[in-house]
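S.K.:
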Amino acid sequence: MNVVMIGAGYVGLVSGACFAEFGARVTCVDKQTERVDALRQGRIPIYEPGLEDLVARNAAAGRLSFSTDLGTAVANADLVFIAVGTPTRRGDGHADLKYVYAAAEEIAANLVGYTVIVDKSTVPVGTAREVQRVLQKTNPDADFDVASNPEFLREGSAIGDFMRPDRVVLGVESERAEALLRELYRPLNLIEAPILVTDLESAELIKYAANAFLATKISFINEMSQLCEKTGADVNAVAKGMGMDKRIGNKFLHAGPGYGGSCFPKDTLALNRIAQEHGVSSRIVEAVVEVNASQKARMVAKIREALGGSEADKRIAVLGLTFKPETDDMRDAPALAILPALVDRGAEIAAHDPQGMAEARPLLPEGIQYCDSITEAVTDADAVVLMTEWNQYRGLDLQALAKAMRGDVFVDLRNVYERPLMQQAGLRYTSVGR
Ligand code: NAD
Ligand code: UGA
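Heads up, the sequence shown is in the working numbering, so the first residue is 292 and it goes up one at a time.
#1: Thinking C-beta only, is residue 419 closer than 8 angstroms to residue 407?
#2: What three-state label does DSSP hand residue 323 in the structure shown?
#3: Which of helix, strand or coil does DSSP assign to residue 403?
#4: Using a Cβ-based criterion (distance less than 7 angstroms to any ligand heavy atom), does residue 381 qualify as near the ligand NAD?
#5: Can the beta-carbon of residue 452 be found less than 8 angstroms from the beta-carbon of residue 553?
#6: Assuming contact is defined by CB atoms lying nearer than 8 angstroms, are residue 346 and residue 391 in contact in what I supplied?
#7: Grouping DSSP H, G and I as helix and E and B as strand, with all else coil, what is residue 687?
#8: Going by C-alpha distance, which of 593, 659, 581 is nearest residue 606?
#9: So, with DSSP's three-state summary, where would you put residue 575?
#10: Would you kindly work out how many angstroms separate the C-alpha atoms of residue 497 and residue 693, rounded to a whole number?
#11: Helix, strand or coil for residue 731 per DSSP?
#12: Here's the rule: buried if 16 or more other CB atoms are within 10 angstroms of the residue's CB, otherwise exposed. What is residue 405?
#13: For the ligand UGA, is there a heavy atom less than 7 angstroms away from the beta-carbon of residue 615?
#14: Should residue 413 be counted as a contact of the ligand UGA given a C-beta to heavy atom distance under 7 angstroms?
#15: Pop quiz: residue 317 and residue 361 are said to be a contact at Cβ under 8 angstroms. What is the actual Cβ separation, rounded to whole angstroms?
#16: Which two residues bound the contiguous beta strand (DSSP E) that contains residue 475?
#17: Can you tell me which residues form a DSSP beta bridge with residue 663?
#18: Decide if the stretch 481 to 496 is in contact with the stretch 682 to 698; the criterion is three or more beta carbon pairs, one per stretch, under 8 angstroms apart.
#19: According to DSSP, simplified to helix, strand and coil, what is residue 367?
#20: Of the residues 506, 542, 593, which one's Cα is nearest the Cα of residue 703?
#21: Report the residue from 517, 691, 641, 369 whose alpha carbon sits nearest the alpha carbon of residue 293.
#22: Within the present structure, is the beta-carbon of residue 297 separated from the nearest heavy atom of the ligand NAD by less than 7 angstroms?
#23: Mind listing, in chain order, the continuous beta strand (DSSP E) runs of no fewer than 3 residues lying wholly within the stretch 376 to 423?
#24: Taking only runs of the alpha helix (DSSP H) that begin and end inside the stretch 437 to 461, which ones reach a length of at least 4 residues, in chain order?
#25: Going by alpha carbons, who is nearest to residue 614 out of 578, 587, 637?
#26: I need the DSSP call for residue 493, collapsed to helix, strand or coil.
#27: Count the C-beta pairs between the stretch 698 to 713 and the stretch 639 to 659 that are closer than 8 angstroms, then say yes if the count reaches three, no if not.
#28: Would you call the CB atoms of residue 470 and residue 425 closer than 8 angstroms?
#29: Taking only the alpha-carbon atoms, compute the straight-line gap between residue 505 and residue 379 and give it to the nearest angstrom.
#30: Taking 7 angstroms as the cut-off, is the C-beta of residue 553 nearer than that to any heavy atom in the ligand NAD?
#31: Examine the ligand UGA and report whether any of its heavy atoms sits within less than 7 angstroms of the Cβ of residue 376.
#32: Give, in chain order, every unbroken run of the alpha helix (DSSP H) that is at least 4 residues long and sits entirely within the stretch 524 to 564.
#33: Hey, would you say the C-beta of residue 589 is under 7 angstroms away from at least one heavy atom of the ligand UGA?
#34: Is any heavy atom in the ligand NAD found nearer than 7 angstroms to the beta carbon of residue 300?
#35: In the DSSP assignment, the beta strand (DSSP E) including residue 640 goes from what residue to what residue?
#36: Would residue 670 pass as a contact of residue 579 if the rule is Cβ separation under 8 angstroms?
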């Protein structure tokens with residue numbers, strides 16, 4: 292089976308490599324020439340654990356290739372996936388679909404024989420039908436079906452998520468398209484991964500509803516963390532006690548500095564916008580967005596308070612910049628909201644991140660010191676802020692850290708540590724909701 296993946300980003304590259312691993316012949320097409328050149332030389336443009344090996348193995352086996360030539364790739368394809376970005380449109384929160392429709396037009400002009408065009412990008416309800424219209428209008432003679440196959444992988448564990456999904460959602464309108472997609476995903480039958488077949492609109496909405504619900508769990512526990520701080524309760528214990536109820540589940544109840552990343556922030560905004568456009572309320576998700584923004588602001592106040600009321604002229608070591616560990620992605624990372632606020636009030640920042648510093652640099656204020664080691668970052672610091680829970684930061688030598696620091700403040704925004712351990716090292720410990 293010949294598969295084309297339009298867009299070789301976090302989703303396109305991982306999905307393309309995994310489909311190749313399943314046995315399909317996959318061409319990943321991207322319009323960024325440097326990206327395609329790098330991939331052809333075996334260099335991976337993003338940091339995602341395991342991806343380099345997976346790409347190398349499938350490229351060597353001749354099942355995975357990279358191209359900027361969309362036309363030739365599409366002409367030979369049975370299935371064409373659209374995996375381009377759908378960022379927030381400036382000003383109104385709507386998902387910007389210009390890349391999706393541009394890809395659809397290009398695809399249309401190059402279709403040969405029956406082809407299924409599949410939306411993998413996260414797109415508002417109705418987009419697949421609009422893609423169908425664009426294809427028909429651009430190439431009235433083309434023989435095609437449109438399908439929706441939203442992606443649920445997480446960055447940092449993308450390959451595992453793709454290979455062992457909780458479910459695969461297929462929004463289809465024809466048996467022929469369904470059969471081709473089922474054939475592509477057939478290797479997952481071995482692990483009995485459920486395949487849910489729906490109409491196009493439901494598949495599109497499942498994706499936004501799932502992301503918004505996960506974001507709701509996070510904002511819920513973050514709001515509880517505030518109540519815990521006022522009442523003396525421990526949010527970790529509260530989350531554990533809630534999570535033991537199977538109806539609630541223990542996942543996505545980890546209090547922290549607010550959710551970030553390329554999806555929850557944009558997808559919650561887009562869902563609110565979709566609801567508005569259809570004249571229905573979306574009050575829960577609106578509150579989720581508000582709580583998330585206030586959680587980030589609360590973290591700035593927390594750091595200030597831990598420093599005795601002012602961050603001016605204080606040297607703050609920040610451990611972790613990316614929105615979560617095991618990725619270099621800085622899109623909507625909490626650090627992008629928290630660090631500028633600290634810098635504005637005169638803090639001096641020494642930052643460390645295992646993978647994200649190159650991405651972070653152009654997005655953060657000037658004057659931040661980027662450190663090659665944890666030791667360099669914490670030396671002479673008045674405070675250490677643990678921003679992202681990379682493994683490297685989970686087992687810090689606290690005695691050595693306390694010795695290297697000038698001050699004694701440790702602010703743990705991910706609740707990685709326990710207070711007694713910090714006290715033993717002579718550190719004043721602040722965390723979230725405890
Ligand atoms: P990305 O920005 O990492 O990658 C998109 C790629 O598409 C870029 O390399 C870009 O150059 C390329 N592109 C754009 N238009 C093109 C065209 N016409 N022809 C060829 N290439 C083109 O984006 P991403 O993070 O992979 O996200 C893609 C979609 O998947 C989004 O809708 C997102 O919401 C969704 N999604 C993302 C994740 C995630 O973890 N990142 C998970 C699930 C779903
Ligand atoms: C998320 C979803 O988990 C994926 O299912 C989805 O496919 C993807 O968005 C998407 O649509 O792009 P991702 O953004 O990669 O995946 O990462 P998550 O692990 O979900 O974390 C998102 C944010 O929430 C991070 O900032 C993380 O630190 C935060 N988070 C997560 C918490 O603060 N608490 C938690 O309990 C869980």
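Built from N, CA and C at the ideal position, the CB exists for glycine as well.
M.R.: Here's the rundown:
#1: Within the sequence shown, the letter at position 116 stands for residue 407. Within the sequence shown, the letter at position 128 stands for residue 419. The answer is no: Cβ separation not under 8 angstroms.
#2: The sequence position of residue 323 within the sequence shown is 32, counting from 1. Looking at residue 323 - three-state DSSP - the assignment turns out to be coil, as it is neither helix nor strand.
#3: Looking up residue 403 in the sequence shown gives position 112. DSSP places residue 403 in coil when its eight states are reduced to three.
#4: The residue labelled residue 381 in the question sits at position 90 within the sequence shown. Checking the Cβ of residue 381 against the ligand NAD gives no.
#5: Locating residue 452 in the sequence shown gives position 161, where the first residue counts as 1. Locating residue 553 in the sequence shown gives position 262, where the first residue counts as 1. Not a contact, by the Cβ cut-off of 8 angstroms.
#6: Locating residue 346 in the sequence shown gives position 55, counting from the first residue. Locating residue 391 in the sequence shown gives position 100, counting from the first residue. In this structure, residue 391 does not lie closer than 8 angstroms to residue 346 by Cβ.
#7: Your numbering for residue 687 matches position 396 in the sequence shown. In this structure, residue 687 counts as coil in the three-state DSSP scheme.
#8: Numbered from its first residue, the sequence shown carries residue 606 at position 315. The residue with the shortest Cα to Cα distance from residue 606 is 659.
#9: Looking up residue 575 in the sequence shown gives position 284. Looking at residue 575 - three-state DSSP - the assignment turns out to be helix.
#10: Taking the sequence shown and counting its residues from 1, one reaches residue 497 at position 206. Taking the sequence shown and counting its residues from 1, one reaches residue 693 at position 402. Taking the straight line from one Cα to the other gives about 48 angstroms.
#11: Because the chain here runs from 292 to 725, residue 731 falls outside it and cannot be looked at.
#12: Start at 1 with the first residue of the sequence shown, and residue 405 comes out as number 114. With fewer than 16 Cβ atoms within 10 Å of its Cβ, residue 405 is classed as exposed.
#13: Indexing the sequence shown from 1 puts residue 615 at position 324. In this structure, residue 615 has its CB closer than 7 angstroms to one or more heavy atoms of the ligand UGA.
#14: Residue 413 sits at position 122 when you count from the first residue of the sequence shown. Residue 413: yes, Cβ under 7 angstroms from the ligand UGA.
#15: Position 26 of the sequence shown, counting from 1, holds the residue named residue 317. Position 70 of the sequence shown, counting from 1, holds the residue named residue 361. At roughly 14 angstroms, the Cβ-Cβ gap does not stay under 8 angstroms, so residue 317 and residue 361 are not in contact.
#16: On the sequence shown, residue 475 is found 184 positions in, with the first residue counted as 1. Per DSSP, residue 475 belongs to no beta strand (DSSP E); it is in the alpha helix (DSSP H), 466 to 475.
#17: Here residue 663 is taken as the residue at index 372 of the sequence shown, counted from 1. Answer is none; residue 663 lacks a bridge partner.
#18: no
#19: Residue 367 sits at position 76 when you count from the first residue of the sequence shown. Coil.
#20: For the purposes of this step, residue 703 is identified with residue 412 of the sequence shown, where counting begins at 1. Checked all of 506, 542, 593; the closest Cα to residue 703 is 593.
#21: Your numbering for residue 293 matches position 2 in the sequence shown. Comparing Cα positions, the closest option is 369.
#22: In the sequence shown, residue 297 corresponds to position 6, counting from 1. With a cut-off of 7 angstroms, the C-beta of residue 297 is classified as near the ligand NAD, since at least one heavy atom of the ligand falls inside that distance.
#23: 406 to 410
#24: 449 to 454
#25: Start at 1 with the first residue of the sequence shown, and residue 614 comes out as number 323. Checking every option, the nearest Cα to that of residue 614 belongs to 587.
#26: Here the question's residue 493 lines up with position 202 in the sequence shown. Residue state, collapsed to three classes: helix.
#27: With the cut-off at 8 angstroms, the stretch 698 to 713 and the stretch 639 to 659 do not touch.
#28: Position 179 of the sequence shown, counted from the start, is the residue given in the question as residue 470. Position 134 of the sequence shown, counted from the start, is the residue given in the question as residue 425. Cβ distance not < 8 angstroms, so residue 470 and residue 425 don't count as in contact.
#29: In the sequence shown, counting from the first residue as 1, residue 505 sits at position 214. In the sequence shown, counting from the first residue as 1, residue 379 sits at position 88. About 19 angstroms.
#30: In the sequence shown, residue 553 corresponds to position 262, counting from 1. At least one heavy atom of the ligand NAD is nearer than 7 angstroms to the Cβ of residue 553, so yes.
#31: What you label residue 376 is simply residue 85 of the sequence shown in a count that begins at 1. Because no heavy atom of the ligand UGA lies under 7 angstroms away, the Cβ of residue 376 does not count as near it: no.
#32: With a minimum length of 4 residues, the continuous alpha helix (DSSP H) runs that stay inside the stretch 524 to 564 are 526 to 534.
#33: Your numbering for residue 589 matches position 298 in the sequence shown. No.
#34: Reading the sequence shown from its first residue, position 9 is the one you call residue 300. For the ligand NAD, at least one heavy atom lies less than 7 angstroms from the Cβ of residue 300.
#35: Sequence index remark: in the sequence shown, residue 640 carries index 349 (1-based). Unbroken beta strand (DSSP E) run through residue 640: 639 to 643.
#36: Counting from one through the sequence shown, the residue named residue 670 turns up at place 379. Counting from one through the sequence shown, the residue named residue 579 turns up at place 288. No, the Cβ-Cβ distance between residue 670 and residue 579 is not below 8 angstroms.
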